[in-house]
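Novice: Just dropping this structure here.
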Amino acid sequence: TGVNMSADTTVRLAEIDNIVAIKEASGDVTQASEIIARAGDKIDVLSGDDFLTLPLMACGAKGVISVTANIMPKQVKDMVQSIKDGRWAAAKELHLRLLDVHQAMFIEANPVPVKTAAALMGKCQTDVRLPLVAMQVDTLEQLQTVLKKHNLI
């Protein structure tokens, strides 16, 4: 977590039979594309960045390990399925509709915003383990605004 693995390293690891997929969360479309181009036949690449799901899947990634899906699972699933079905206009529309939610999920250290969102939706308690702390008042208000916009609270 928090350390980028180079495309060269990932391509080498793809040669190991027990490694079947990678969560690509570098935030670098070029790096992800290079991995897909060089090892996509040996290893499944999953977007580890909600913002990049559509572009990475357009390049050949197989899916996403999503933060946003914790609070909007149907919408994320529908976007991924639209991409897999080749319904690019629908995928783009969902991608753009989810943009502010993705942003809200990272206005503070993950997983604080998504856990707070789930708590506001009545799904869990707001407690987080140290060293994490509850959201700041100003970012909590921003999160609530986004959740209300999407009728989640």
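Heads up, the sequence shown is in our numbering, so the first residue is 28 and it goes up one at a time.
Glycine included, every Cβ here is placed at the ideal spot set by N, Cα and C.
None of these values were measured; they are calculated from a predicted model.
1) What residues match up with G90 in a beta bridge as DSSP calls it?
2) Please look up how many angstroms separate the CB atoms of A131 and P140, rounded, as I've assumed it's under 8 Å.
3) Do D127 and V91 have their C-beta atoms within less than 7 Å of each other?
4) Between R124, K101, V94, M84, which has its C-alpha nearest G113's C-alpha?
5) Which parts of the region 32 to 87 are runs of the alpha helix (DSSP H), unbroken and 4 residues or longer, counting only runs that do not cross its ends?
6) What number of angstroms, rounded off, separates the C-alpha of I70 from the C-alpha of D76?
7) By the 10 Å Cβ neighbour count, where 16 or more other Cβ atoms means buried, how is C86 classified, buried or exposed?
8) What separation, rounded to the nearest whole angstrom, lies between the Cα atoms of Q169 and D154?
9) So, is E51 buried or exposed, given that buried needs 16 or more other C-beta atoms within 10 angstroms?
10) On a Cα-Cα basis, can you pick out the residue from F133, K104, K150 that is closest to T166?
11) Quick one: grab the DSSP three-state call for K111.
12) Count the other CB atoms within 10 Å of the CB of S33; is the residue buried (16 or more) or exposed (fewer)?
13) With 16 other CB atoms within 10 Å as the buried threshold, where does A48 fall?
14) Hey, quick one: how far does the alpha helix (DSSP H) through L159 stretch, first residue to last?
15) So S74 and A88 are in contact, right, with Cβ under 8 Å, and what is the actual spacing, rounded?
Specialist: Working from what's here:
1) L73
2) Contact between A131 and P140 is confirmed by a C-beta separation of about 6 Å, below the 8 Å threshold.
3) No, these two residues do not count as a Cβ contact at 7 Å.
4) M84
5) 34 to 40, 56 to 66, 80 to 85
6) Just so you know, the alpha carbons of I70 and D76 end up roughly 18 Å apart.
7) Buried is the call here.
8) A direct Cα-Cα distance of roughly 19 Å separates Q169 from D154.
9) buried
10) F133
11) helix
12) exposed
13) exposed
14) Neither: L159 is in no alpha helix (DSSP H) and is coded neither H nor E.
15) 5 Å
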